[in-house]
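Asks:
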Amino acid sequence: MTSRIIAVEKFDLIVFGASGDLSARKLFPALYRRHRDGQIPDGARIIALARSLDSAESFTQWVRQKLQQFITAAEYDEGAVKKFLACIHPLKLDVNDETGWPELKKKLKNSPNPICAFYLAVAPDLFGPICDKIAAYGLVTPNARLVVEKPLGRDGQSARAINDAVGKVFQENQIFRIDHYLGKETVQNLMALRFANGLFEPLWNSAHIDHVQITVAETLGLEARAAYYDHVGALRDMVQNHIVQLMCLVAMEPPRSDASNDVRDEKLKVLRALKPITAANVEQVTVRGQYRGGVAQSHESGKARSYVEELGSPSNTETFAAIKAEIQNWRWAGVPFYLRTGKRLTERCSEIIVTFRAIPHSIFGAGNEQNAAGRSNLGTVHPNRLVLRLQPDEGVKLWVMLKDPGPGGMRLSYMPLDMSFSKAFGIAVPDAYERLLMDVVRGNQTLFMRRDEVEAAWDWVDPILEGWSTCQMAPKPYPSGSWGPSAAIALIERDGRSWYDSSSAGTD
Ligand code: BG6
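To get the working numbering, take the position in the sequence shown, counting from 1, and add 86.
#1: Compute the distance between the beta-carbons of Ile413 and Phe406, then report whether it is under 9 Å.
#2: Please classify Ala408: is it buried, with 16 or more other beta-carbons within 10 angstroms of its beta-carbon, or exposed?
#3: Measuring only the C-alpha atoms, how far is Ile91 from Val527?
#4: Report back the beta-carbon spacing between Cys334 and Val356 to the nearest angstrom; my notes put them in contact at under 8 Å.
#5: When the Cα atoms are used, what is the spatial distance from Trp546 to His468?
#6: Answer yes or no: do Ala130 and Asn196 have a C-beta to C-beta separation smaller than 9 Å?
#7: Taking the beta carbon of Ser343 as the centre, do at least 16 other beta carbons fall within 10 Å, making it buried, or is it exposed?
#8: Classify Thr403 as helix, strand or coil using the three-state DSSP reduction.
#9: Under 6 Å Cβ to Cβ from Tyr223, same chain only, skipping five residues before and after it: list those, please.
#10: With a cut-off of 8 Å, do at least 3 Cβ pairs link the segment 231 to 241 to the segment 205 to 214?
#11: Of all the options Ser448, Ser555, Arg475, Tyr314, which has the alpha carbon lying nearest to the alpha carbon of Gly465?
#12: Any contact between the segment 240 to 252 and the segment 266 to 283? By contact I mean 3 or more CB pairs, one from each, below 8 Å.
#13: Measuring from the CB of Gln376, is there a heavy atom of the ligand BG6 at a distance below 8 Å?
#14: Use the C-beta contact count for Val486: other C-beta atoms within 10 angstroms, 16 or more gives buried, fewer gives exposed.
#15: Quick one: what does DSSP say Gly124 is sitting in, helix, strand or coil?
#16: Exposed or buried, what is Ala518 when buried is set at 16 or more other beta-carbons lying within 10 Å of its beta-carbon?
#17: Given a cut-off of 9 Å on the beta-carbon distance, is the pair Val371 and Ala411 in contact?
#18: Exposed or buried, Gly570, counting other C-beta atoms within 10 Å across all chains shown (16 or more means buried)?
#19: Restricting to runs no shorter than 3 residues, where is the beta strand (DSSP E) found entirely within the segment 295 to 321?
#20: Which residue or residues does DSSP assign as beta-bridge partners of Pro502?
#21: When every heavy atom of the ligand BG6 is checked, does at least one fall within less than 8 Å of the C-beta of Asn275?
#22: When the Cα of Asp504 is compared with those of Ile329, Gly481, Asp250, Pro493, which residue comes out closest?
#23: Using CA coordinates, which residue listed in Ser109, Arg378, Gly495, Arg471 is at the minimum distance from Lys429?
#24: Should the segment 170 to 179 be regarded as contacting the segment 132 to 139, the criterion being three or more beta carbon pairs within less than 8 Å?
#25: Flag this pair as yes or no: are the beta carbons of Phe156 and Arg120 separated by less than 9 Å?
#26: Straight-line CA distance for Gly492 to Tyr500?
#27: Going along the chain, which residues of its own chain have a beta-carbon closer than 8 Å to the beta-carbon of Asp123, five neighbours each way excluded?
#28: Which residue from Glu352, Lys219, Ser109, Ser401 puts its Cα closest to that of Asp183?
#29: What are the boundary residues of the beta strand (DSSP E) that includes Glu437?
#30: For Ser568, write down the residues that DSSP places opposite it in a beta bridge.
#31: Determine the direct distance from the alpha carbon of His317 to that of Gly398, and round the result to whole angstroms.
#32: Give the straight-line distance between the Cα atoms of Thr305 and Thr427, rounded to the nearest whole angstrom.
#33: How big is the Cα-Cα spacing for Leu375 and Lys562?
#34: Assuming Phe114 and Ile201 make a contact with CB atoms under 8 Å, what is their CB distance in whole Å?
#35: Here's the rule I'm using: 16 or more other beta-carbon atoms within 10 Å means buried, otherwise exposed. How should Ala444 be labelled?
#36: On a CA-only basis, which of His266, Arg280, Phe213 is nearest Met324? Give me that one, please.
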């Protein structure tokens, strides 16, 4: 089966920060793939803005090199690359002075393309000044869109300031705040599973669900991001946005439709129903960690260095966070959401695990001993689990109890009904940015965060940060290559549960 390609309208995509890391790793590869597959029509232009630019040729040559680096050899097609590079119009522009702005205005004024999207792949302190310049040069048209990347602030106050600055120039329905986790295939499939099947929704509540886990584990460490990461940490970098957004999609009420504001209204209600975590309970329900040296990852030689060694100075920043979150509403009262994320963990894997309640009575006995009637038991009955795997190997597993095959009588096994999306649909799962960039052109905001969502997420996260500071909660050390500090294991085990481990068949 192949995916259906519907070309988008012709557009001008104006990329600020086109020579930066995000453009190299994500934007150009995603745009190349959409162009190669015919989704980007002839005549569309990518206006690549960079402060230092020797020549248009040297820039397109740089893009070619980055494509070679960040897409697979199988995806790299010289003919397709040449055609793609022809859509790129590099322009030297400085956001701090007038360099390049008149030329940009000229290019856009005479453009035959109906859609114009400004992508700010730059630090957030530049969002306001760039928007002001865009307005001053008269470039805001009704069909203009603005795309901004996280971090959207480092707390509620700074997020509001950013939102005010961009909101002065663009209407909310023109602003696309990217959270690339929302563009991941499995995340969209979560909505399809919940709302296009009759099977799950009647069970999707505290009467039938015991708890939910969301794990986003990385093997990477600090890399070359010290300047950004050490001021941010795992809570702001991953929880405030990606993990909280996943939690909202699991927990939200069925929206009236898939229209962007219907979905975002429901997500907002979840954010507002989150039980506050403050200095009073932060030590009981959160864990901070920081990696020490340990097992080297496959691409490295020798022993992995600690965060502090990589950084080159002492630091109190957390590279791991675990939280027991609670949603205070009728659907979810009493159902904990255990969230965890960290760098330098055992493996790279992002999963949402919904664990259903145990059956009320087992006709098969309760363990491995003999039952009251003297018959031997037939295997432990484990609760059903729905596992949505975001990466790697995107797919869905539903763990169920089945009979062991064979003539020897009834013995039970815990087995997954297992669907890998790439195997089932026979196509490579697209990168999140491919979907999100095309949605920007289509003007579909469903997978983008609305202003009030971002601010409500900070309203929940800010008191956690304040609690950590009031209680002087230093990050607990954990060895690189482990699953984080032992306190994170204790966090869930205190409740008689354990973190899902795909390698041990998901049993408790
Ligand atoms: C980014 C974070 O938003 O997401 C990074 O800033 C993190 O620290 C990355 O590594 C993870 O994204 P993905 O898609 O590789 O899971």
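Glycine included, C-beta positions come from ideal geometry on N, C-alpha and C.
Replies: Reading from the atomic positions:
#1: Indexing the sequence shown from 1 puts residue 413 at position 327. Indexing the sequence shown from 1 puts residue 406 at position 320. For Ile413 and Phe406, no; Cβs fall outside 9 Å.
#2: The residue you call residue 408 lines up with position 322 of the sequence shown. When all chains shown are included, Ala408 counts as buried.
#3: Within the sequence shown, numbered from 1, the residue matching residue 91 stands at position 5. Within the sequence shown, numbered from 1, the residue matching residue 527 stands at position 441. Rounded to whole angstroms, Ile91 and Val527 show a C-alpha spacing of 14 Å.
#4: The sequence position of residue 334 within the sequence shown is 248, counting from 1. The sequence position of residue 356 within the sequence shown is 270, counting from 1. Contact between Cys334 and Val356 holds: CB atoms are separated by about 5 Å, below the 8 Å threshold.
#5: Residue numbering aside, residue 546 sits at position 460 when the sequence shown is read from its first letter. Residue numbering aside, residue 468 sits at position 382 when the sequence shown is read from its first letter. Going from the Cα of Trp546 to the Cα of His468 covers about 34 Å.
#6: In the sequence shown, counting from the first residue as 1, residue 130 sits at position 44. In the sequence shown, counting from the first residue as 1, residue 196 sits at position 110. Cβ distance not < 9 Å, so Ala130 and Asn196 don't count as in contact.
#7: Here the question's residue 343 lines up with position 257 in the sequence shown. Note on Ser343: under 16 other CB atoms within 10 angstroms of its CB, so exposed under the neighbour-count rule.
#8: As a first step, residue 403 must be located in the sequence shown, where it is residue number 317. Thr403 falls in the coil class under three-state DSSP.
#9: Along the sequence shown, one-based indexing puts residue 223 at 137. Once the five neighbours on either side are set aside, the close Cβ partners of Tyr223 are Trp187, Lys191.
#10: With the rule of 3 Cβ pairs closer than 8 Å, the segment 231 to 241 counts as touching the segment 205 to 214.
#11: Locating residue 465 in the sequence shown gives position 379, where the first residue counts as 1. For the residues Ser448, Ser555, Arg475, Tyr314, the minimum Cα distance to Gly465 belongs to Ser448.
#12: Verdict: no, contact absent.
#13: Translated into the one-based positions of the sequence shown, residue 376 becomes position 290. Answer for Gln376: no, Cβ out of range of the ligand BG6.
#14: For the purposes of this step, residue 486 is identified with residue 400 of the sequence shown, where counting begins at 1. Around the beta carbon of Val486, a 10 Å sphere encloses fewer than 16 other beta carbons of the protein chains shown; the residue is thus reported as exposed.
#15: In the sequence shown, the residue the question calls residue 124 occupies position 38. For Gly124, the secondary structure class from DSSP, reduced to helix, strand or coil, is coil.
#16: Within the sequence shown, numbered from 1, the residue matching residue 518 stands at position 432. By the neighbour-count rule (16 or more Cβ atoms within 10 Å), Ala518 is buried.
#17: Position 285 of the sequence shown holds residue 371. Position 325 of the sequence shown holds residue 411. Yes, Cβ-Cβ distance for Val371 and Ala411 is below 9 Å.
#18: Along the sequence shown, one-based indexing puts residue 570 at 484. Classification of Gly570: buried, given that the 10 Å Cβ count is 16 or more.
#19: Here the runs fully enclosed are 295 to 303.
#20: Counting from 1 along the sequence shown, the entry for residue 502 is found at position 416. Beta bridge pairing from DSSP links Pro502 with Trp485.
#21: Position 189 of the sequence shown, counted from the start, is the residue given in the question as residue 275. No, the Cβ of Asn275 stays beyond 8 Å of every heavy atom of the ligand BG6.
#22: In the sequence shown, residue 504 corresponds to position 418, counting from 1. Nearest C-alpha to Asp504: Gly481.
#23: Position 343 of the sequence shown, counted from the start, is the residue given in the question as residue 429. Checking every option, the nearest Cα to that of Lys429 belongs to Arg378.
#24: Yes, the segment 170 to 179 touches the segment 132 to 139.
#25: If you number the sequence shown from 1, residue 156 lands on position 70. If you number the sequence shown from 1, residue 120 lands on position 34. For the pair Phe156 and Arg120, the CB atoms are not nearer than the 9 Å cut-off.
#26: Within the sequence shown, residue 492 is the residue found at index 406, counting from 1. Within the sequence shown, residue 500 is the residue found at index 414, counting from 1. About 16 Å.
#27: Translated into positions along the sequence shown, residue 123 becomes position 37. Ile91.
#28: Taking the first residue of the sequence shown as 1, we reach residue 183 at position 97. Measuring C-alpha to C-alpha distances from Asp183 to each of Glu352, Lys219, Ser109, Ser401 identifies Lys219 as the nearest.
#29: Residue mapping note: residue 437 aligns to position 351 of the sequence shown, counting from 1. First-last of the beta strand (DSSP E) with Glu437: 435 to 442.
#30: Here residue 568 is taken as the residue at index 482 of the sequence shown, counted from 1. DSSP lists Leu431 as partners of Ser568.
#31: Counted from its first residue, the sequence shown places residue 398 at position 312. Counted from its first residue, the sequence shown places residue 317 at position 231. About 14 Å.
#32: Stepping through the sequence shown from its first residue, residue 305 is reached at position 219. Stepping through the sequence shown from its first residue, residue 427 is reached at position 341. One C-alpha to the other measures close to 11 Å.
#33: Taking the sequence shown and counting its residues from 1, one reaches residue 375 at position 289. Taking the sequence shown and counting its residues from 1, one reaches residue 562 at position 476. The sequence shown places Gly at residue 375, not Leu. Distance between the alpha carbons of Gly375 and Lys562: 4 Å.
#34: One-based indexing of the sequence shown puts residue 114 at position 28. One-based indexing of the sequence shown puts residue 201 at position 115. 19 Å between Cβ atoms; not a contact.
#35: Working through the sequence shown from its first residue, we reach residue 444 at position 358. Label assigned to Ala444: exposed.
#36: As a position in the sequence shown, residue 324 is number 238, starting the count at 1. The shortest C-alpha separation from Met324 is found at His266.
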